[in-house]
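Numbering (this note's numbering), first residue to last: 58 to 464.
Glycine included, C-beta positions come from ideal geometry on N, C-alpha and C.
Because the structure is a prediction, the values reported are computed rather than measured.
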């Protein structure tokens, strides 16, 4: 459901009508018998349902949606249970002891108030009352000291737990990345339970490490590989490259500068061209070696990312001659230019000038950003072909050969 129907308001307000020994409530045009044990639960898949002000006062909203902070805490607890179970056990005991101490303190305060309220005569002459007050004060002081010590120990344990926080944050980010795939296809839905199984599988993987920081890096790499392989096996082959870019974008936002992703996806290109008052002059400034049907794309790149366009030096036709004529232009960027632009900026250039090689450039970009992870995990060529596709495998082999590796 998407909201609260007005017909349910009498029921929610409990506008009951007594009819002899029983009660009834009006639903629409009918009077329905009411049972005192009746409870109504309304559920929706909408994470932000609209509840009118007049309904919000008569319903209780409970949000079971998975949030980034909540999932991060859950994953951190799973990590500590696996990596340092004694640490998690100590924290659990401390929390339990702290709650018990707080309950004892509250009971002492209640007992003190009750004793003072029921005392008779002069309080100063009531020895039993004074002795009771002194005992309560001493017990309260001990409990306060225990709570302070518990707080210090808990702070120490939290510092130990926070060492594994980068792993929990990365895992939480991965879950929401794969959750977005349902926007592409309703079949691409992955449950939290399935993701938690992948997370625990990554934790059980054997990783040789000499320190906690190194162990965390290896676990993050193992989890990336596990999640990527699992998801790619579930996708249509046509969507695997899309997911590779989405995965890189979500896990490594530092690889993308401002407006680059928006330019690539076409979010801001149309607006910048329509709002430009110098469309004709921008077109005239595009170098002549660029094909006529790509003039507007290059002009859009110039308007959207002027800094990148200036770095490319498109005016030097001899510099770009090999690139414009190459059948694998994504690998034939001018050496003086490729040192000054990022991997994703290379994709943007191919998109603007040579869109016929865009898919290959995207595959090469995904390979270079994810290939190091794949290589360190020791994946075979057959496995690469299964969950990355033949084009991705081709560029991975080219990359490894250029680095003097073999698979």
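Run through the DSSP bridge pairs and tell me what residue 82 is partnered with. What you label residue 82 is simply residue 25 of the chain shown in a count that begins at 1. DSSP lists 89 as partners of residue 82.
In whole angstroms, what is the alpha-carbon distance linking residue 61 and residue 122? The count along the chain shown starts at 1 and reaches residue 61 at position 4. The count along the chain shown starts at 1 and reaches residue 122 at position 65. Each residue's alpha carbon lies about 19 Å from the other.
Which residue from 267, 346, 269, 234 puts its Cα closest to that of residue 252? Here residue 252 is taken as the residue at index 195 of the chain shown, counted from 1. Ranking the options by Cα distance to residue 252, first place goes to 234.
How about residue 133 and residue 222: are their beta carbons less than 8 Å apart? In the chain shown, counting from the first residue as 1, residue 133 sits at position 76. In the chain shown, counting from the first residue as 1, residue 222 sits at position 165. Cβ distance < 8 Å, so residue 133 and residue 222 count as in contact.
DSSP three-state call for residue 138: helix, strand or coil? Counting from one through the chain shown, the residue named residue 138 turns up at place 81. In this structure, residue 138 counts as helix in the three-state DSSP scheme.
Is there contact here, the segment 418–428 with the segment 365–378, by at least three beta-carbon pairs under 8 Å? no
Taking the beta carbon of residue 435 as the centre, do at least 16 other beta carbons fall within 10 Å, making it buried, or is it exposed? For the purposes of this step, residue 435 is taken as residue 378 along the chain shown, with counting starting at 1. Interpretation of residue 435 is limited by its pLDDT of 41, a score under 50 that renders its predicted location unreliable; the figure taken from the coordinates is listed afterwards. Classification for residue 435: exposed.
In the DSSP assignment, find the unbroken beta strand (DSSP E) run with residue 75 in it and report its ends. Taking the first residue of the chain shown as position 1, residue 75 is located at position 18. 74–76 is the extent of the beta strand (DSSP E) around residue 75.
Could you give the C-beta distance for residue 352 and residue 343, rounded to a whole number, given that I count them as a contact under 8 Å? Position 295 of the chain shown, counting from 1, holds the residue named residue 352. Position 286 of the chain shown, counting from 1, holds the residue named residue 343. The pair is a contact, with the Cβ atoms about 5 Å apart (cut-off 8 Å).
Would you mind reading off the limits of the alpha helix (DSSP H) that contains residue 63? For the purposes of this step, residue 63 is taken as the residue at position 6 of the chain shown. Looking at the DSSP string, residue 63 is not in any alpha helix (DSSP H), and its letter there is neither H nor E.
Inspect the CB distances between the segment 99–116 and the segment 60–74 and report whether three or more fall short of 8 Å. Taking a cut-off of 8 Å for Cβ pairs, the segment 99–116 and the segment 60–74 touch, as three or more such pairs fall below it.
Reference residue 316, options 308, 365, 247, closest by Cα: In the chain shown, the residue the question calls residue 316 occupies position 259. If we check each option's Cα against that of residue 316, 365 comes out closest.
Closest residue to residue 218 among 146, 70, 90 (Cα-Cα distance): Within the chain shown, the letter at position 161 stands for residue 218. Of the candidates 146, 70, 90, the one whose C-alpha sits nearest the C-alpha of residue 218 is 146.
Express the C-alpha separation of residue 102 and residue 228 in angstroms, rounding to a whole number. Numbered from 1 along the chain shown, position 171 holds the residue referred to as residue 228. Numbered from 1 along the chain shown, position 45 holds the residue referred to as residue 102. Going from the Cα of residue 228 to the Cα of residue 102 covers about 23 Å.
Helix, strand or coil at residue 255 according to DSSP, with G and I counted as helix: Residue numbering aside, residue 255 sits at position 198 when the chain shown is read from its first letter. In this structure, residue 255 counts as helix in the three-state DSSP scheme.
Buried or exposed for residue 390, going by 16 or more other Cβ atoms inside 10 Å? On the chain shown, position 333 is the one that residue 390 refers to. Its Cβ being crowded by 16 or more others within 10 Å, residue 390 is buried.
So residue 355 and residue 404 are in contact, right, with Cβ under 8 Å, and what is the actual spacing, rounded? Locating residue 355 in the chain shown gives position 298, counting from the first residue. Locating residue 404 in the chain shown gives position 347, counting from the first residue. Actually they do not touch by this definition, with Cβ atoms about 15 Å apart.
Output the distance between the C-alpha atoms of residue 167 and residue 155, rounded to the nearest integer angstrom. For the purposes of this step, residue 167 is taken as the residue at position 110 of the chain shown. For the purposes of this step, residue 155 is taken as the residue at position 98 of the chain shown. Going from the Cα of residue 167 to the Cα of residue 155 covers about 18 Å.
CA-to-CA distance, residue 387 to residue 220, given in whole angstroms: Along the chain shown, read from residue 1 onward, the residue named residue 220 stands at position 163. Along the chain shown, read from residue 1 onward, the residue named residue 387 stands at position 330. If I take the Cα positions, the gap works out to 40 Å.
Let's see if you can read the secondary structure: which residues bound the alpha helix (DSSP H) around residue 278? For the purposes of this step, residue 278 is identified with residue 221 of the chain shown, where counting begins at 1. Residues 269–289.
Whole alpha helix (DSSP H) elements within the segment 336–418, 4-residue minimum: DSSP runs (the alpha helix (DSSP H)) wholly in the segment 336–418: 336–341, 352–361, 363–369, 374–382, 392–395, 400–410.
Is it buried or exposed for residue 385, if we count other Cβ within 10 angstroms and need 16 for buried? For the purposes of this step, residue 385 is identified with residue 328 of the chain shown, where counting begins at 1. The residue is exposed, with fewer than 16 neighbouring Cβ atoms inside 10 Å.
What number of angstroms, rounded off, separates the C-alpha of residue 307 from the C-alpha of residue 125? What you label residue 307 is simply residue 250 of the chain shown in a count that begins at 1. What you label residue 125 is simply residue 68 of the chain shown in a count that begins at 1. Cα-Cα distance, rounded: 14 Å.
Across the segment 256–265 and the segment 280–288, are there enough close Cβ pairs to call them in contact, namely three or more that are closer than 8 Å? yes
Apart from the five residues on each side of it in sequence, which residues of its chain come closer than 7 Å, Cβ to Cβ, to residue 69? For the purposes of this step, residue 69 is identified with residue 12 of the chain shown, where counting begins at 1. Here the set comprises 115, 116.
Every unbroken beta strand (DSSP E) inside the segment 200–251 [3 residues or more]: none
Starting from residue 305, follow the alpha helix (DSSP H) in both directions and report where the run begins and ends. Within the chain shown, numbered from 1, the residue matching residue 305 stands at position 248. First-last of the alpha helix (DSSP H) with residue 305: 294–308.
C-alpha gap between residue 99 and residue 119, whole angstroms: Mapped onto the chain shown, residue 99 falls at position 42. Mapped onto the chain shown, residue 119 falls at position 62. Their Cα atoms are separated by approximately 10 Å.
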